[in-house]
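Numbering-wise, my numbering comes out as the position in the sequence shown, counting from 1, plus 979. Quick reminder that beta carbons are idealized off the backbone N, C-alpha and C, glycines included. Single-structure report; data block below.
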Amino acid sequence: MKKVIDKTVNLDLIGVNGNAFMIMGVFQRQARREGWTPKEIDTILAEAKSSDYNHLLTTISNHCEVKEE
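Pasting the structure below:
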């Protein structure tokens, strides 16, 4: 699956509670910290919620990348 928008957040989902709402919340908080616009965040979350749990995980994962600092 391709990215909905061509951006990623510095986030490692390993160890995050597997609850869909927790995953979306962690993603949303990190995206805000990194200066994403509300529209960009809403676009990702809308796509993530458009199908089943696996689709949600794939969509969020495609927009997360652990960046070494």
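1) Can you list, in chain order, the residues of its chain with a C-beta nearer than 8 Å to that of Ser1040? Leave out the 5 residues immediately preceding and following it.
2) Just grab the DSSP bridge partners of Val988 for me.
3) Is Glu1019 helix, strand or coil by DSSP?
4) In or out: Phe1006 buried (at least 16 other Cβ within 10 Å) or exposed?
Taking the coordinates as given:
1) By 1-based counting over the sequence shown, the position of residue 1040 is 61. Excluding positions up to five away in sequence, the list reads Leu992.
2) For the purposes of this step, residue 988 is taken as residue 9 along the sequence shown, with counting starting at 1. Answer is Cys1043.
3) Residue 1019 sits at position 40 when you count from the first residue of the sequence shown. Looking at Glu1019 - three-state DSSP - the assignment turns out to be helix.
4) Counted from its first residue, the sequence shown places residue 1006 at position 27. Buried, by the Cβ-count rule.
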